[in-house]
Structure formats: structure tokens, C-alpha cells
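What follows is a set of notes on a single structure, which appears directly below.
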Amino acid sequence: MLMQNRRIFFVQSPDGPVSSSCFDVRDEPVPELDDGDVLVRNIYLSCDPYMRGRMGGTANYPQSKTFPIDQVIPARVVGQVEASQNTEYAVGNLVWGFLGWELYSVAKGGGDLRVIDPQLGPISHAITVIGMPGLTARVGMLDIGKPQPGETAFISSASGAVGQVAGQIAKLSGCRVVGSAGSDAKVAHIIDKLGFDAAFNYKTAHSIGAALDEHCPDGIDIYFENVGGETLEAVLNRINQGARIPVCGMISQYDIAERYEPRNIANVEARNAIMQRFSVYEHMNQFDEFLIWVAERIKDRRIVYFEDIVDGIDNTIGAFIGMMNGENLGKRLVQISNDPTL
């Protein structure tokens, strides 16, 4: 009897905020493996803001970069090899790779699976702090932000998957670090758990500009950009000469038809600042060295990391929508099967 595979398909681009109507859940047989293939039982699925951009619609992504309609949602996944026709992967190996929102994935030809060393920490970390989010934070903060002791670094979405690491890297570099988030609980978490010097709730602040004036009295040298919109405009009025702005994302702009265009973008030129968009996939040559670097800092707790894990594949769609609405505290994952290391 063939195993059944529950799979989540992308069926419709959202016209505005993403909704459950964009997805369809189907049960299908797990296919037979061809030579070189690997069957992975998925354990943790990743939910990431960039995925909203690739759903198209109001996100205004190029058509060539949007998810194909009527295909399983692609995502980073941690899993365990269930069956293998590939000599590089043995049954029982713990792996991570770019697979999909489904109970089982077939990695054709082995795909780009990487074997996980569980000695490095929880296996979920392979798609969080010791995976793409962690590398994204390091590339943005160190390669573009270039933090120096005594500077002020401001991190938006500071309790999220990337922001929490970016802020800690700035702190380790000797900066005064300020974060923003969308709830008082997140603000307390940013200060008490992540060790930021200050943080504020952008939803309840009198204004974002006033909050920045209070917490960044000497201006802003580094802005790690995760949200865009009014926050970016407020920051651009307060950047110092030679400021650096690594642009990781602009989550506030993904679900709206008319984007908020900062009226003061000329401040980047006037203040000799650098504002640079980057993709972590352009820096994968750093990955092996990054693993060693971040593992050392996690081991001695110079870097701490928090995950927000939802249980069950049937809750994946709601988990993603909730993340887009800011419900998560830490990196949003969905656990869909047993983790053998727990």
C-alpha cells in the first residue's frame, strides 16, 4: 500500500493580504523513487516573509520569481531520510534542504540536501539560526553594516527570524543596539532575552520618529531594514553621515496595492550613506565558515535564538498567515512529524 502524502499547493495569488483561499490541501500517494532520488520525511517546515513576495499579486515581484500556480509551496525543510536510492544519503540521515510544504518530499537526484550534525544543537536550527536566517543576519550586518564600537544600530522587526541575530551581532561588535517590534511582549523580549539596549512598540509609540529620537539621540549609523514604509522614512531623517542600510526585506509593503514611498530617499545621497539590497543566496560561499562561526557563539551563548513552533501540517496555512500578521515571537516554524532527537 502506497503511503499518503498531505501536500499544500499554491493555487491563487492574493489580491491584498494572503488568505487561506490562496492554498489547497491535497492527499496524494508518495511516488516511487528513481535512481538517485531520496525520500525525506519532513519534520520542520519554514514560514518566511519573503514567501509572501513570491506569491505575487500586490507584492509586485517579477513574474519570473513568483511561485508557480498549482504546485506545492517551496520552502526550507528539516527532515529525515525515509528511503534512498542515492549512495550519498542513508536511511535515518537528518537533512535540510529546499523542499516543500508536505509530509514527504522526494529530492530528485538528492537535490541540494545537506546532512545535519545534531551535535550543533536542535535540528530545527538548520533552517533558522545556523541556516539561511542566521547567514542573512551576518552578511547584512557584517558585510554591509560594518559595525564599529560606539555606533548606534537600529533593527526593525527585531524579534523576528533575522532581526534577532542581526541585533546580537551588532551588540557583539560594540554598538548601542535599538530594536522595534509590534507588541509590548516583543519589546520586553528584545531587551530582556536578546540583550538590546532599548526597544519600542511602533504600534503604540506617539510616532516612529519620536521613538527614534528618544532611543537614538546620537542618530543612526546602521539601519538593518526589515519593514520599509514609514519606518524607513523616519530612519532616513535620522541617519548619520556615512550610515549603512542593509536591506533585508520590507514586510510592511508586501500586502498593499499602493506602496509607501519614502519622500526623503535623497538623504541617502546627501549623507553619503550606503543603502544596499542583498540576497543570502549570493553569499553561499560563506556558508561552511559561517556554520563554525555561529556554532561557537551559540555554544557559549554569545548568541541566543528563539523559535515559534506551531504543531501540525494542517495548521501550516494559519501559521504563515499569523506570521504575516506579526503573531510570532521568534522564527516561525511548523513541526509536522516526530523529531527523533527530542
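Mapping of the sequence shown onto our numbering: position 10 corresponds to residue 10, and the numbering continues sequentially without gaps. Glycine residues also receive a C-beta, built at the ideal position from the N, C-alpha and C atoms.
query                                                                                                                                                        : result
With the cut-off set at 9 Å, would you say Val77 and Val25 are in Cβ contact?                                                                                : no
If we count the other Cβ atoms within 10 Å of its Cβ and call it buried at 16 or more, is Thr204 buried or exposed?                                          : exposed
By Cβ distance, which residues of its chain are closer than 7 Å to Phe200, with the 5 residues on each side in sequence left out?                            : Ser180, Val187, Ala211 and His215
Using a Cβ-Cβ cut-off of 6 Å (strictly less than) and excluding sequence neighbours within five positions of Tyr44, which residues of its own chain qualify? : Val78, Ser124, Leu333 and Gln335
Is Gly242 helix, strand or coil when you go by DSSP?                                                                                                         : strand
Can you give the Cα-Cα distance for Arg297 and Gly134, rounded to whole angstroms?                                                                           : 12 Å
Which of helix, strand or coil does DSSP assign to Gln148?                                                                                                   : coil
I'd like to check one pair, Ile222 with Ala137: are the Cβ atoms closer than 9 Å?                                                                            : no
Helix, strand or coil, according to DSSP, for Ala198 in the structure here?                                                                                  : strand
Under the assumption that Leu99 contacts Ala75 (Cβ atoms under 8 Å), give the Cβ distance between them as a whole number of angstroms.                       : 7 Å
Could you name the residues that DSSP lists as bridge partners for Leu333?                                                                                   : Ser46 and Ile309
Less than 8 Å between the CB of Gly312 and some heavy atom of the ligand MN, yes or no?                                                                      : Inclusion of the ligand MN in the displayed structure is not the case, the ligand content being empty and no account of it being possible.
DSSP on Met141, reduced to helix/strand/coil?                                                                                                                : helix
Let me check understanding here. Comparing Cα to Cα, which of Ser20, Gly330 and Gly150 lies closest to Ser183?                                               : Gly330
By the 10 Å Cβ neighbour count, where 16 or more other Cβ atoms means buried, how is Asn86 classified, buried or exposed?                                    : buried
Can you tell me which residues form a DSSP beta bridge with Asp27?                                                                                           : Arg6
DSSP three-state call for Gly79: helix, strand or coil?                                                                                                      : strand
Using beta-carbon positions only, say whether Val30 and Val81 come within less than 9 Å of one another.                                                      : no
Among Gly312, Ala243 and Ser156, which has the Cα closest to the Cα of Lys146?                                                                               : Ala243
Could you name the residues that DSSP lists as bridge partners for Gln168?                                                                                   : Per DSSP, none; premise fails for Gln168.
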